[in-house]
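In our numbering, the protein residues as written are 721 to 894.
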């Protein structure tokens, strides 16, 4: 693995989010790593801190994991890689099964956080959770966004993580 600055290689993340997605990993109360597919996320700088912001709906098993844990990771496959695992993790709940075992993905230990990353990806972010904010109906100033994404009131929790490590697998990044 090759460590990089948090803002390098974000084109890999953008391609993944616009395509099959990326893996968000958080540990459950038993310490088991739970992968979830994300199609939304943002890398940036808030309070002079490099951050990765993720959104997770209240109904998702990962929501509870993120409430209890102090860290999360994002593993970004090269465009097209791990498509079946991304699809599986996006359509099944860790509440009901060990998704990683069911779809054959393997974990590697995080370099700086307790949460592992998914082996076989191109780009990795390790994050320390610094903010959790549950969105509610009254938080939206744009009714069109609320109507399009929240017709059932299953609002997202916004989780902002400080990026404490970013790295690539040179064999997968070209």
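Don't be surprised by glycine CBs; every beta carbon is placed ideally from N, CA and C.
Check	Outcome
Who are the near neighbours of residue 758 in its chain, counting only those whose CB is closer than 7 Å to its CB and skipping five residues on each side?	741, 742, 744 and 774
Among 798, 807, 792 and 879, which has the Cα closest to the Cα of residue 892?	798
Kindly indicate which residue of 771, 805 and 829 has the alpha-carbon position closest to the one of residue 752.	829
Can the beta-carbon of residue 881 be found closer than 7 Å to that of residue 847?	yes
Any contact of the stretch 771-789 with the stretch 868-885, i.e. 3+ C-beta pairs under 8 Å?	yes
Output the distance between the C-alpha atoms of residue 737 and residue 870, rounded to the nearest integer angstrom.	20 Å
Taking 8 Å as the threshold, find out whether the stretch 853-866 comes into contact with the stretch 813-820 through three or more Cβ pairs.	no
If you drop the 5 nearest sequence neighbours on each side, which residues of the same chain put their C-beta closer than 6 Å to that of residue 833?	791 and 846
Taking residue 819 as part of the beta strand (DSSP E), name the residues at either end of that continuous run.	Per DSSP, residue 819 belongs to no beta strand (DSSP E); it is in the alpha helix (DSSP H), 819-823.
Would you kindly check if the distance between the Cβ of residue 837 and the Cβ of residue 795 is under 7 Å?	yes
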